[in-house]
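Worksheet: one structure, shown below.
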Amino acid sequence: MQQEREAQQLQQERLHELHREQQLQREQQLQRELQQQKELQQEQQQEQQLQRELEQERQQELQQKQRLQLEQELEQEQQQELEQELQQELQQELEQELQQEQPLQQELEQELQQEQPLQQEQPLQQLQRHHPHGVKTPRLPPVYIYSPEYVTACDSLSKVPKRASMVHSLIEAYALLKLMRVVKPKVASMEEMATFHTDAYLQHLQKVSEEGDDDHPESVEYGLGYDCPATEGIFDYAAAVGGATITAAQCLNDGKCKIAINWAGGWHHAKKDEASGFCYLNDAVLGILRLRRKFDRVLYVDLDLHHGDGTGDVSDIGLGKGRYYSVNVPIQDGIQDEKYYQICESVLKEVYIAFNPEAVVVQLGADTMAGDPMCSFNMTPVGIGKCLNYILQWQLATLILGGGGYNLANTARCWTYLTGVILGRTLSSEIPDHEFFTEYGPDYVLEITPSCRPDRNEPHKVQQILNSIRGNLKHVA
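Each residue of the sequence shown is one higher than the last, beginning at 258 in the numbering used here.
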């Protein structure tokens, strides 16, 4: 009996223990379920929070797009109003000029009647003989190539970082944009770039640009490295600059303006299959080729410190059919405004008479300025401005390009001053307050002061160069 009671008691204890284990398991299972439910709720809350954030971002993007659209519409309206105002002002100026010219026209008519050889010509031909630039028409505002994306792309060039922004900001600070027609540039296509550059060079430049490979073994034969590093995105930069100059040239072809400006262009060292001198794409050549679709005789005037590759000596007069059509004026260090202008005017006068251009491309590199790191010429914007004004008096379709210029503040000063020359505006000496104002210290003025660098251009040698040029130009048909 004792054994039976002990057995029963043991069995009861086991049953009780089993019951406790089952109860513990149920409690653990319940805790796990509660924990899973809690985690699920947290996940749902996080998902809802994420959805709310995404919705807020979508709303913000939509609002930003709406704001941009409104700003663009407002800018278009302002541009249209500005163009209408300019047209009215230009029409008034034209009427005043025509009234002032009436006595001169009457005098010319009297002279023409007395000239027997000219009596058989039509009236328009007679007028053109006395006015080689043609009958005056209402002047269109210059085209100014610009977009925020284009400036950002040009700012990426390591040799002149942020230069494009500084130039544009100073032009804008002087309120010159409202006097021009702002045109957004297109990016050059591979086919457009291949009108001058080889397919092999363009494809290699695109490849190393995508990979950011500055050590590619084939890059040396394409001129990449050292002064033309193959940095990531460099192909996009080159296509942007090339497209901007082509856009400017096309505006001239379409008759939208008489002057088109691309200050971020003018990279004149690049060859067909080789980068050179910080230049990956020769946008100057691309612009000339685009102008040649309309104009037979396009004159290229390069006022940069450096000659284009393969030129520079007075004996470099061209080859083959182009013989005598290249004119080079080697200038020594230290030249200043007055002597430079005298040389420029003398040469351009002879070239204009000999070549009779229909359009002109002017490269205005600012590395000629006093204070440039190149430490060669001793110029100021006033001297270059006189040269530019002489060219503008021809009243031809004119493409304006930038180029060199490695003192960034002085380059911005120079090209802003030249923009004023193009617009016929005298700019204030004091630099206006704007984003890059502190870069123009310590004097904060537009003027550039020449240094004490000696002028090494001896008068008799300069005269010998001019005499050689006059002799060569006699062969130009």
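Just so you know, even glycine gets a beta-carbon here, dropped at the ideal spot from N, CA and C.
Give me the residue from the options with the minimum Cα distance to residue i.
{"i": "Phe-535", "options": "Cys-411, His-732, Met-447, Val-571", "result": "Cys-411"}
{"i": "Gly-565", "options": "Tyr-597, Gly-591, Lys-529", "result": "Lys-529"}
{"i": "Val-542", "options": "Asp-590, Tyr-609, Phe-453", "result": "Phe-453"}
{"i": "Gln-610", "options": "Gln-589, Gln-599, Tyr-582, Asp-629", "result": "One detail in the question is off: residue 610 reads as Ile in this sequence, not Gln. Cα-wise, what sits closest to Ile-610 is Tyr-582."}
{"i": "Glu-406", "options": "Gln-345, Pro-442, Pro-418", "result": "Pro-442"}
{"i": "Asp-749", "options": "Ala-487, Leu-459, His-461", "result": "The requested residue 749 does not occur in the structure, where the chain is confined to residues 258 to 734."}
{"i": "Ala-616", "options": "Tyr-697, Leu-653, Asn-714", "result": "Leu-653"}
{"i": "Ile-641", "options": "Met-631, Gly-622, Asp-629", "result": "Gly-622"}
{"i": "Ser-466", "options": "Ile-600, Glu-449, Cys-485, Gly-499", "result": "Cys-485"}
{"i": "Pro-399", "options": "Phe-693, Leu-665, Leu-509", "result": "Leu-509"}
{"i": "Trp-520", "options": "Gly-662, Phe-693, Gln-507, Leu-272", "result": "Gly-662"}
{"i": "Gly-522", "options": "Arg-315, Gly-659, Gln-308", "result": "Gly-659"}
{"i": "Ala-734", "options": "Phe-612, Glu-304, Arg-547", "result": "Phe-612"}
{"i": "Glu-332", "options": "Lys-435, His-526, Pro-689", "result": "Lys-435"}
{"i": "Ser-446", "options": "Leu-730, Phe-492, Gln-285, Thr-695", "result": "Phe-492"}
{"i": "Gln-348", "options": "Gln-329, Arg-262, Glu-300, Leu-397", "result": "Leu-397"}
{"i": "Thr-655", "options": "Gln-320, Leu-556, Cys-709", "result": "Leu-556"}
{"i": "His-525", "options": "Gln-313, Leu-560, Gly-512", "result": "Leu-560"}
Check the C-beta distance from residue i over to residue j and give it rounded, since I have them as a contact under 8 Å.
{"i": "Val-619", "j": "Ile-657", "result": "6 Å"}
{"i": "Ile-648", "j": "Val-558", "result": "6 Å"}
{"i": "Ala-627", "j": "Pro-711", "result": "Actually they do not touch by this definition, with Cβ atoms about 13 Å apart."}
{"i": "Trp-651", "j": "Val-424", "result": "At roughly 25 Å, the Cβ-Cβ gap does not stay under 8 Å, so Trp-651 and Val-424 are not in contact."}
{"i": "Ile-518", "j": "Thr-676", "result": "7 Å"}
{"i": "Ser-533", "j": "Gly-480", "result": "5 Å"}
{"i": "Glu-232", "j": "Tyr-701", "result": "As displayed, the chain neither begins before 258 nor continues past 734, which places residue 232 out of reach and without an answer."}
{"i": "Cys-514", "j": "Arg-580", "result": "That pair is no contact at about 34 Å."}
{"i": "Val-538", "j": "Ala-495", "result": "For clarity, residue 538 is Leu in the given sequence; the question names Val instead. So it is a contact: roughly 4 Å between Cβ atoms."}
{"i": "Glu-607", "j": "Ile-726", "result": "7 Å"}
{"i": "Asn-714", "j": "Ile-588", "result": "6 Å"}
{"i": "Glu-489", "j": "Gly-469", "result": "3 Å"}
{"i": "Ala-497", "j": "Val-444", "result": "6 Å"}
{"i": "Tyr-598", "j": "Cys-644", "result": "6 Å"}
{"i": "Arg-549", "j": "Ile-503", "result": "At roughly 12 Å, the Cβ-Cβ gap does not stay under 8 Å, so Arg-549 and Ile-503 are not in contact."}
{"i": "Pro-630", "j": "Asn-585", "result": "Between Asn-585 and Pro-630 the Cβ distance is about 24 Å, and since that is not below 8 Å, they are no contact."}
{"i": "Asn-458", "j": "Glu-531", "result": "Just to set this straight, residue 458 is Tyr in the shown sequence, not Asn. Yes, they are in contact, since the Cβ atoms of Tyr-458 and Glu-531 sit about 7 Å apart, within 8 Å."}
{"i": "Ala-421", "j": "His-691", "result": "Contact doesn't hold; Cβ gap of about 15 Å is too wide."}
{"i": "Ala-456", "j": "Gly-499", "result": "Reading the sequence as shown, one finds Asp at residue 456 and not Ala. In fact, because the Cβ distance is near 15 Å, the residues do not count as touching under 8 Å."}
{"i": "Ala-527", "j": "Ile-402", "result": "Not really, about 19 Å apart at Cβ, beyond 8 Å."}
{"i": "Arg-554", "j": "Pro-614", "result": "5 Å"}
{"i": "Ser-413", "j": "Phe-693", "result": "So it is not a contact: roughly 17 Å between Cβ atoms."}
{"i": "Val-719", "j": "Ile-545", "result": "About 28 Å separates the two Cβ atoms, so there is no contact after all."}
{"i": "Leu-730", "j": "Leu-703", "result": "With a Cβ gap of about 37 Å, Leu-730 and Leu-703 do not count as contacting."}
Which residues does DSSP pair with residue i in a beta bridge?
{"i": "Gln-620", "result": "Asp-559, Leu-658"}
{"i": "Val-440", "result": "Ile-402"}
{"i": "Met-636", "result": "Met-626"}
{"i": "Glu-595", "result": "Glu-595 pairs with nothing; no bridge assigned."}
{"i": "Glu-687", "result": "Val-702"}
Determine, for residue i, whether the minimum Cβ-Cβ distance to residues of chain B falls below 8 Å.
{"i": "Leu-653", "result": "Here chain B cannot be found, since the structure has a single protein chain."}
Would you check whether the ligand ZN has a heavy atom nearer than 7 Å to the C-beta of residue i?
{"i": "Thr-409", "result": "The model on display carries no ligand, and the ligand ZN is accordingly not part of it."}
Hey, which unbroken runs of the beta strand (DSSP E) at 3 residues or more fall wholly within the region 477 to 556? The qualifying runs are 516 to 519.
Would you call the region 581 to 598 and the region 634 to 644 in contact, with 3 or more CB pairs under 8 Å? Segments in contact, yes.
So, do the region 569 to 583 and the region 674 to 693 have three or more beta carbon pairs nearer to each other than 8 Å? No, the region 569 to 583 is not in contact with the region 674 to 693.
Pick out the complete alpha helix (DSSP H) segments inside the region 259 to 293, 4 residues or longer, and give them in chain order. For secondary structure counted as the alpha helix (DSSP H) over 4 or more consecutive residues, the region 259 to 293 holds no complete run.
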